[in-house]
Structures are given as C-alpha cells and as structure tokens.
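Position 1 (the sequence shown) corresponds to 275 in the numbering used here; numbering is contiguous.
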Amino acid sequence: MRTLAQIKEKLLLGKFEFSHHAFKRAVERNVSEKEIIEAAEDAEIIEYYPEDKYTPSCLLLGFCKNGRPLHMQVSLAETELVKIITIYEPDKNEWIDFKKRR
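Shown next as structure tokens:
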C-alpha cells in the first residue's frame, strides 16, 4: 500500500487518473487539475478505508492556493497512477475543521 508521501509525490507530478465518478464530480464541482496539485502540497490523510469496495483507500484533505478545501478519496494500490475515486469541497456544517465528521 502507498504511503502519504508516495501519494503526494504522484499527485504533485500530475500522475493521477480519475474514476468515472470522480471525473463527473470534478466537472460538476469545478475542480481543476491545477487545484488538485495545489491541494496535494499540504494534503493529509484524515480517514482510512481499508475495506473499500475495490482496493483500500483513504480520504485526503488539502487546500488550494485560494484557500478552498478539497477532499480527495484516493486508492492506496501501488499502481503507476494514483486513482482519484471521488473529489469534493467539504461542507463546513458536516466537518469540524474539514478533518473530523460532526
């Protein structure tokens, strides 16, 4: 399984791909590839999903340069590209500091 450092390295180099769901959500939510790379710079793992449907995954929190928070659920599988499973801007009413569910 990948470490946070390995995930961030791949994201920062643009070595990622979207699941079909994540691509749709990124378009709907106006999340650009540039913002994904920006959010990867200070990303931290806030939740693990070891029993996820296809492969273990985790939820990352990172911030774009404009301060926009992003949650990215990514696969922990050691593949050439990091697969982004879903991506969204967390709702402050559902998250404490965007890190912990209310």
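Built from N, CA and C at the ideal position, the CB exists for glycine as well. As the structure is a prediction and not an experimental result, all values here were calculated from the model.
Residues near residue i in its chain [Cβ-Cβ closer than 8 Å; skip 5 each side]
i    : result
G336 : E312, A313, A314, E315, D316, A317, E318, P343, L344 and M346
Own chain, CB closer than 7 Å to residue i, minus 5 neighbours either side, in chain order
i    : result
T360 : H295, A296, R299 and Q347
S378 : Here the chain comprises residues numbered 275 to 376, so residue 378 is not present and cannot be evaluated.
E283 : none
Residue i (DSSP reduced to helix, strand or coil)
i    : result
R299 : helix
E309 : helix
E291 : strand
E318 : strand
K366 : coil
K357 : strand
K374 : strand
Closest residue to residue i among the options (Cα-Cα distance)
i    : options                   : result
L278 : E291, R303 and Y322       : Y322
L333 : Y362, I370, L286 and F290 : Y362
I310 : E354, P364 and L285       : L285
M275 : L350, D365, D371 and K374 : L350
K339 : K308, E368, V301 and E291 : K308
Cβ neighbours of residue i in the same chain (closer than 6 Å, five flanking residues each side left out)
i    : result
V305 : I361
Exercise. Whole beta strand (DSSP E) runs in the region 323-355 with 3 or more residues, listed along the chain?
Worked result: 331-337 and 343-349
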